[in-house]
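Asker:
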Amino acid sequence: MLDFVSTRRGVLKTGGALFVTFTLVDKVLPALAQGSARKKTVSLDEVDGFLSVGVDGQITVYSGKVDLGTGVRTAFTQIVAEELEVPIDRVNLIQGDTALTPDQGPTWGSISIQIGGMQIRKAAATARKALVEMAAERLGVPPNELRIENGAIKSSGKSVSCADLVGGRTFSLKVDKDAPVKDPASYTVVGKSVPRLDIPPKATGQFMYMQDFRVGGMLHGRVVRPLAIGAKLENVDESSVKDVPGLVKVVRDGNFLGVVATTEWDAIQAARRLKATWSKWEGLPERAHLWEHVRATKINSDEVTANVGNSAKALSDASKRISASYDFAIHTHGSIGPSCAVVEINDGKITCWSASQATHRLRKQLAAMMAISPDDIRCLYIEGSGCYGRNGHEDAAGDAALLSRAVGGRPVRVQWMRADEHGWDPKGAPVLIDLRAGVDREGRTIAWESEFFLPDSFGPVPLVAAILADLPGMTEQLPKFVVRNTAVPYTFPNIRTVAHMLNETPLRWSWMRSPGRLESTFANECFVDELAASVSADPLDFRLKHLGDPRGVELLQRLAVLTKWEKRTSPRKDAKGDVVAGRGISYVQYDLVRTYVGAVAEIEVDRRTGEIRVERFLVVHDCGQIINPDGVTNQIEGNIIQTVSRTLKEEVLFDRSAVTSLHWATYPILTFPEVPDVIIELIDRPNEKPWGAGEPAATIVPSAISNAVFDALGVRLRSVPFTPAKVLAAIEGD
Amino acid sequence: MPTSVSLEVNGRAIVVIVDDPGMPLLYALRDSLELKGPRFGCGLGQCGTCAVLLDGEPVLSCETPLTKVVNRKVVTLEGLGTPEKPSRVQQAFIDEQAAQCGYCLNGMIMQATALLAKTQNPTVPQIKKALTGNLCRCGTHLRIIRAVQRAARSA
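Those protein sequence lines, which keep their order, are chains V and R.
Sequence positions in the first sequence follow our numbering and run 99 to 832.
Sequence positions in the second sequence follow our numbering and run 595 to 749.
Below is the structure:
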């Protein structure tokens, strides 16, 4: 049998069942179809905001936090299954749908479980209490004689199912902050490595990523970005694309330029061929003088994050003073799948499907840009390629909105090409850190001072489409989370740490996995190592000596055992040959109030080539109560490997006009032969609060590697990435 | 002028009607056949996420024009197995929980399948070498290596 398929929907001929239509959407995600959502509360205070029980007893969880490929969907499912005593497969999860899910804030900052999951747990605990009370009344049995088991409330001899009690109806109940949660000692689902629910469909090509999502009548859009970031669109020659068969429209709105076509390939061809003239623009700083530029950037405010004793006086009294400056290059998110979104506009109402980490906020941004009420916009999350912060998904949604409006509201899918992603997703900030410390005659550290040059919180990252088309954005003050690891966990007698909040960054900035905390921990933990070396102390001992927190002390002691730590100073005395091995330690308490991580990097560095090979990372991790141990392990492995890549290789290149690292050859990341082994010891504390694991382990990577290179060769690497050229320069400058 | 291109995809004879026979195979698979296994990552042959087997050999479908696949056999991730009946490589990836976002998984599994077809018990360096062209941003590499080893053992 032959199946005929065509890239042109209009001339589709199919001889069999191969060509499936978009009915899949309704089967897989019933909540997706426009208008299918009944009016449901999305209140954070209502149990109904988070949970519903179907007539069949199936539990649906409505989560404002979304699974960015971290496995949090499985973890939330475990949390609810545990509190409501149902098997995992009786729990469904709807994520990030502004019509259905509460606004639990963006999925960022390693707080999905710590905050989002605990909101869901409380809602489930409230529901559980209510179900037991309802059952008590129905069965005529006191609540304390009832137990909840496999979707039913039971006493000896009597039983009523949750479906019978509330199936298909609402709880109409406020979330009770005092509702009793289960005793962790009785957990059967939480704390277990429940296999991820999404991996079987992902491994077999059945999983629908955002990039796979289609709706009926959908057109394909592509963007044509300016050749220079601030260039003006001077002229568009539409005749250049008149031969593209499926072209529907060339869309121009100010400096926003895009094409819409009936097929994806036609859209790609049109975007490639479209001739446009742009004005010259050279507003970026010279990359060779990036750090002077950062130092000279206007400071909006200073955040003093620690001020103990009198560091200035102690520093002047010190018998030995050391100082150093550290810097951390601009990085790009680098999702393997470029950003993608679909938007349609019907009767003035916008539906937007995207992989945004913050659909509720995206809704407000689209409302501002499109000048309509947020009530007329529904944003729905569909998981995309891995997301490590605010990357390009929201921007693709903005692009799709402008393109859809230009073609009468027909659904338009925008898929960024690789160069759009590398060139135009928002970037990490270049971060500069100055450190000073003073030691007295007895070798005691008496002063610690640091200054950080960090991006100020500008509010939500503006949409590229809004910038180019000069349309309104929205403002909202964001927390200054980037400063939260600028102070140190060590008990020096005189400390002053200050973050200079900079007015701007060279490239459009956004948060990227552990923003601020990654760069701060790099500088702090390297400089602690410098201090330890300056007083000839073992770097692990030095940290222990200045650490008051017993949980941190326990973690470092366990790290010493795990790594068979040999007490000695760095650099090692027995280094010989061209390739030298080294070990480096690092420690963090994330945000200085939650997850603890300690690690040792084992590296080899080649004096001749300057190449660093990270052989192994050994990590001890304490994030309190663990929901899914294998999920936490997976996150730690990812944190380490991704940050080894960022530390050794990554730097966004640009000229005065635009980003020039537009693909993987000019922005290389770690490949299989370069990947270190990762050994992990988890400290589970079932009776403590659960904290995040999505970022903390990233922060210790650059310092552990730098300290290991110092251990091997006695040279300090203070500038990320640690390229072979920088290693050779450090050796020569030594 | 529409052109017909005949090929076999996952065991079925297909005729794709296109305006441009130079169109990469990837778009025929994703947009015309609505397959979700082969994925767009870079369109430049740099990341490996679009890999398919062409007459048993792994190729990057983002840079393989339809003209190069006329009357040839293409196997995609869907053609290897299903959630109910995964191939041994797919099963090994599931057993090792070898994914975070999983976007790169298609390329990893196709490449590993091709490797194991030729090398029954690859060493870790051989696995790493075979997967050098496949990028993973989430840092799932160690699990992927373990999955390939497990698949080799389960042969």
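Where a beta carbon is used, it is the ideal one built from N, C-alpha and C, also for glycine.
Predicted model, so just to flag it, every value in this text is computed and none were measured.
Kindly give me the distance between the Cβ atoms of V/Pro-637 and V/Ser-618, rounded to whole angstroms, as I take these residues to be in contact under 8 angstroms.
Answerer: By 1-based counting over the first sequence, the position of residue 637 of chain V is 539. By 1-based counting over the first sequence, the position of residue 618 of chain V is 520. V/Pro-637 to V/Ser-618, Cβ: 18 angstroms. No contact.
Asker: Quick one: what does DSSP say R/Ser-598 is sitting in, helix, strand or coil?
Answerer: Here residue 598 of chain R refers to the residue found at position 4 when the second sequence is read from its first residue. Reduced to three states, the DSSP call for R/Ser-598 is strand.
Asker: On the CB-based measure, 16 or more other CB atoms within 10 Å of its CB, does V/Thr-121 come out buried or exposed?
Answerer: As a position in the first sequence, residue 121 of chain V is number 23, starting the count at 1. Confidence in V/Thr-121 is poor, its pLDDT being 30 and thus under 50, which makes the residue's placement unreliable; the coordinate value appears in the next sentence. Per the 10 Å Cβ criterion, exposed.
Asker: Figure out for me which residue from V/Ala-386, V/Asn-601, V/Met-610, V/Glu-779 has the closest Cα to the Cα of V/Leu-660.
Answerer: As a first step, residue 660 of chain V must be located in the first sequence, where it is residue number 562. Per the Cα distances, V/Glu-779.
Asker: According to DSSP, simplified to helix, strand and coil, what is V/Ala-135?
Answerer: Within the first sequence, the letter at position 37 stands for residue 135 of chain V. Confidence at V/Ala-135 is low in this model, with a pLDDT of 47, below 50, so its placement is unreliable and no value can be given for it.
Asker: Does the beta-carbon distance from V/Pro-800 to V/Phe-620 come in below 8 angstroms?
Answerer: As a working mapping, residue 800 of chain V is identified with position 702 in the first sequence. As a working mapping, residue 620 of chain V is identified with position 522 in the first sequence. Taking 8 angstroms as the Cβ cut-off, V/Pro-800 and V/Phe-620 qualify as a contacting pair.
Asker: Distance check for V/Ile-448 and V/Glu-442, CA to CA, integer angstroms please.
Answerer: As a first step, residue 442 of chain V is located in the first sequence; it is residue number 344 there, counting from the start. As a first step, residue 448 of chain V is located in the first sequence; it is residue number 350 there, counting from the start. Each residue's Cα considered, the two are about 6 angstroms apart.
Asker: In chain order, what are the residue ranges of uninterrupted alpha helix (DSSP H) at least 4 long that sit wholly in the region 254-294 of chain V?
Answerer: For the region 254-294 of chain V, whole alpha helix (DSSP H) runs of length 4 or above, ordered along the chain, are 260-264.
Asker: Give me the residue from V/Met-216, V/Ile-211, V/Asp-201, V/Ala-221 with the minimum Cα distance to V/Thr-158.
Answerer: The residue labelled residue 158 of chain V in the question sits at position 60 within the first sequence. For V/Thr-158, the nearest C-alpha among the options comes from V/Ala-221.
Asker: Should R/Gly-605 be labelled buried (16 or more other beta-carbon atoms within 10 Å of its own) or exposed?
Answerer: As a position in the second sequence, residue 605 of chain R is number 11, starting the count at 1. When all chains shown are included, R/Gly-605 counts as exposed.
Asker: Would you list the residues sitting across from V/Ile-710 in a DSSP beta bridge?
Answerer: Locating residue 710 of chain V in the first sequence gives position 612, where the first residue counts as 1. Answer by DSSP bridge pairing, in chain order: V/Val-703.
Asker: Starting from V/His-429, find everything on chain B with Cβ-Cβ shorter than 7 angstroms and list it in chain order.
Answerer: In the structure shown, chain B does not exist; the protein chains are V and R.
Asker: Is V/Ile-397 buried or exposed, if buried means 16 or more other CB atoms sit within 10 Å of its CB?
Answerer: As a working note, residue 397 of chain V is residue 299 in the first sequence. By the 10 Å Cβ count, V/Ile-397 comes out exposed.
Asker: My output table needs one value for V/Gln-687: the three-state DSSP class, helix, strand or coil.
Answerer: Within the first sequence, numbered from 1, the residue matching residue 687 of chain V stands at position 589. Of the three classes helix, strand and coil, the one that applies to V/Gln-687 here is strand, per DSSP.
Asker: Roughly how many angstroms separate the alpha carbons of R/Arg-731 and V/Asp-538, rounded to a whole number?
Answerer: What you label residue 731 of chain R is simply residue 137 of the second sequence in a count that begins at 1. What you label residue 538 of chain V is simply residue 440 of the first sequence in a count that begins at 1. Using only the alpha carbons, I get a separation of about 46 angstroms.
Asker: What's the C-alpha gap between V/Ala-173 and V/Asn-353?
Answerer: As a first step, residue 173 of chain V must be located in the first sequence, where it is residue number 75. As a first step, residue 353 of chain V must be located in the first sequence, where it is residue number 255. The alpha-carbon atoms of V/Ala-173 and V/Asn-353 are separated by roughly 44 angstroms.
Asker: Check whether the Cβ atoms of V/Ile-209 and V/Val-230 sit closer than 8 angstroms, and answer yes or no.
Answerer: As a first step, residue 209 of chain V must be located in the first sequence, where it is residue number 111. As a first step, residue 230 of chain V must be located in the first sequence, where it is residue number 132. Not in contact: V/Ile-209 and V/Val-230 (Cβ atoms no closer than 8 angstroms).
Asker: Would you decide whether V/Asn-805 is buried or exposed? Buried here means 16 or more other CB atoms lie within 10 Å of its CB.
Answerer: Within the first sequence, the letter at position 707 stands for residue 805 of chain V. V/Asn-805 comes out buried.
Asker: In the region 482-557 of chain V, which residue ranges form an unbroken alpha helix (DSSP H) of at least 4 residues, counting only runs that do not cross its ends?
Answerer: Taking only runs of at least 4 residues, the alpha helix (DSSP H) segments lying wholly in the region 482-557 of chain V are 491-504, 516-522.
Asker: Is there at least one Cβ from chain R nearer than 8 angstroms to V/Asp-775's Cβ?
Answerer: For this step, residue 775 of chain V is matched to residue 677 along the first sequence. Output row for V/Asp-775: interface = yes.
Asker: Give the residues of chain V in contact with R/Asn-700, contact being defined as C-beta atoms less than 7 angstroms apart.
Answerer: Within the second sequence, numbered from 1, the residue matching residue 700 of chain R stands at position 106. The answer, in chain order, is Gly-303.
Asker: Could you tell me the alpha carbon to alpha carbon distance between V/Leu-191 and V/Ile-177, rounded to whole angstroms?
Answerer: Locating residue 191 of chain V in the first sequence gives position 93, where the first residue counts as 1. Locating residue 177 of chain V in the first sequence gives position 79, where the first residue counts as 1. Approximately 12 angstroms, taken between the alpha carbons.
Asker: Give me, in chain order, the residues of the same chain whose beta-carbon lies closer than 7 angstroms to that of V/Gly-521; leave out the 5 immediate sequence neighbours on both sides.
Answerer: To locate residue 521 of chain V, count along the first sequence from 1; it is residue 423. Excluding residues within five positions, the ones whose Cβ falls inside 7 angstroms are Arg-323, Ala-756, Val-757, Leu-760.
Asker: Starting from V/Asp-335, follow its DSSP beta bridges and name the residues at the other end.
Answerer: Residue 335 of chain V sits at position 237 when you count from the first residue of the first sequence. V/Lys-373, per the DSSP bridge assignment.
Asker: Can you tell me whether DSSP reads R/Tyr-697 as helix, strand or coil?
Answerer: By 1-based counting over the second sequence, the position of residue 697 of chain R is 103. Here R/Tyr-697 sits in coil by DSSP.
Asker: Any C-beta of chain V within less than 7 angstroms: which residues of the region 685-696 of chain R qualify?
Answerer: The residues in question are Phe-687, Ile-688, Gln-691, Ala-693, Gln-694, Cys-695, Gly-696.
Asker: Given a cut-off of 8 angstroms on the beta-carbon distance, is the pair V/Ala-535 and V/Leu-629 in contact?
Answerer: Numbered from 1 along the first sequence, position 437 holds the residue referred to as residue 535 of chain V. Numbered from 1 along the first sequence, position 531 holds the residue referred to as residue 629 of chain V. Yes, Cβ-Cβ distance for V/Ala-535 and V/Leu-629 is below 8 angstroms.
Asker: Taking only three categories from DSSP, how would you classify V/Ser-433?
Answerer: Looking up residue 433 of chain V in the first sequence gives position 335. Coil.
Asker: List the residues of chain V whose Cβ lies closer than 9 angstroms to the Cβ of R/Gln-640, in chain order.
Answerer: What you label residue 640 of chain R is simply residue 46 of the second sequence in a count that begins at 1. In chain order: Arg-516, His-761, Trp-762, Ala-763.
Asker: Looking at chain R, is there any beta carbon in it that lies within less than 8 angstroms of the beta carbon of V/Lys-665?
Answerer: The residue given as residue 665 of chain V occupies position 567 in the first sequence. Answer no: the Cβ-Cβ gap between V/Lys-665 and chain R never drops below 8 angstroms.
Asker: Residues of chain V with CB closer than 9 angstroms to the CB of R/Glu-672, please, in chain order.
Answerer: Numbered from its first residue, the second sequence carries residue 672 of chain R at position 78. The answer, in chain order, is Thr-302, Gly-303, Gln-304.
Asker: Give the residues from the region 344-368 of chain V that approach chain R closer than 9 angstroms (Cβ to any Cβ), ordered along the chain.
Answerer: Cβ contacts with chain R: Gly-344, Thr-361, Glu-362, Trp-363, Asp-364, Ile-366, Gln-367.
Asker: Counting only Cβ-Cβ distances shorter than 7 angstroms, please list the residues of the region 803-826 of chain V near chain R, keeping chain order.
Answerer: Flagged: no residues at all.
Asker: Would a C-beta distance cut-off of 8 angstroms place V/Arg-615 and V/Thr-741 closer than the cut-off?
Answerer: Taking the first residue of the first sequence as 1, we reach residue 615 of chain V at position 517. Taking the first residue of the first sequence as 1, we reach residue 741 of chain V at position 643. Result no, Cβ atoms of V/Arg-615 and V/Thr-741 do not sit closer than 8 angstroms.
Asker: Using a beta-carbon distance below 8 angstroms, is R/Pro-680 in contact with chain V?
Answerer: Start at 1 with the first residue of the second sequence, and residue 680 of chain R comes out as number 86. Taking Cβ atoms only, chain V reaches closer than 8 angstroms to R/Pro-680, which makes this a yes.
Asker: By DSSP's criteria, V/Thr-595 is part of a beta bridge. Which residues make up the other side?
Answerer: Numbered from its first residue, the first sequence carries residue 595 of chain V at position 497. Note: V/Thr-595 sits in a beta bridge opposite V/Ala-404, V/Ser-548.
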